[in-house]
Amino acid sequence: MQCLNNCCDDIWSAEGVNPDVDSESSLLTTELPRCIHCGRLARPNILMFGDWEWNERRTAEQQQRLNNWLNTVDNLVIIEIGAGTAIPNVRLMGERIGKPLIRINLAEASIHRSNHLSLATTALQGLTGIRAALENLHGDRFDGA
Ligand SMILES: [Zn+2]
9 MQCLNNCCDD IWSAEGVNPD VDSESSLLTT ELPRCIHCGR LARPNILMFG DWEWNERRTA
69 EQQQRLNNWL NTVDNLVIIE IGAGTAIPNV RLMGERIGKP LIRINLAEAS IHRSNHLSLA
129 TTALQGLTGI RAALENLHGD RFDGA
């Protein structure tokens with residue numbers, strides 16, 4: 009959660025926030041969550057479209073940890089599952105990292121880069137096929153590491 013008015017930079021857990029809606033009137037029967045600092049309304053700390061009030065601190069910290077981790081791994085392959093083109097954030101992130109990408113997508117698998125692979129199938133079938141290929145390549149020694 010975060011303060012709706014951004015009174016401070018704090019983000020806190022939504023544990024204990026249990027909204028209840030009357031199914032007949034479609035009205036909230038419980039109190040709206042409040043900022044733990046100023047008492048004004050609180051909101052989920054998720055980015056909405058055109059959301060100028062979103063507190064990005066947590067996401068920036070996560071991005072920094074991801075960047076740090078990416079700098080420590082070798083032979084990275086990204087497996088993108090089900091990321092569509094309507095909201096392409098995940099799709100573009102996988103392409104932006106610059107590592108080989110396996111795109112598993114039943115409806116929108118196409119990808120046009122030399123070190124990328126498209127699998128027009130379900131997530132389960134795609135992952136099962138990748139595992140079978142790795143086991144075939146490495147014999148029964150493959151442990152996923
Ligand atoms: Zn506040």
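Residues are numbered in our numbering as their position in the sequence shown, beginning at 1, plus a constant of 8. Note that the Cβ used here is the ideal one computed from N, Cα and C, for glycine as well. What you are looking at is a predicted structure, and each value in this text was computed from that prediction instead of being measured.
Candidates the options: which alpha carbon is nearest residue i's?
i      : options                     : result
Cys16  : Leu36, Trp62, Ala22         : Trp62
Ile44  : Gly24, Met101, Leu55, Trp60 : Gly24
Leu114 : Val85, Gly134, Ile95        : Gly134
Gln71  : Ile105, Gly47, Leu49        : Ile105
His124 : Ile86, Leu74, Val98, Ala91  : Ile86
Trp20  : Ile54, Arg99, Arg121        : Ile54
Leu40  : Pro27, Ser34, Glu88         : Pro27
Under three-state DSSP, which class holds residue i?
i      : result
Val85  : coil
Ile138 : helix
Arg111 : strand
Ala131 : helix
At what residues does the alpha helix (DSSP H) containing residue i begin and finish?
i      : result
Arg66  : 65 to 78
Leu100 : 97 to 104
When DSSP builds the beta bridges, which residues end up paired with residue i?
i      : result
Ala50  : Cys11
Val29  : Leu36
His146 : In the DSSP output, where bridge partners are listed per residue, His146 has none listed.
Pro42  : At residue 42 the sequence reads Arg, which differs from the Pro that was named. Arg42 is bridged to Leu49.
Could you tell me whether any Cβ in chain B is nearer than 7 Å to the Cβ of residue i?
i     : result
Asn79 : Here chain B cannot be found, since the structure has a single protein chain.
Is residue i near ligand 1, judged by its Cβ being under 6 Å from some heavy atom?
i     : result
His45 : yes
Arg48 : yes
Considering residue i, what are the terminal residues of the beta strand (DSSP E) in which it resides?
i      : result
Leu125 : 124 to 127
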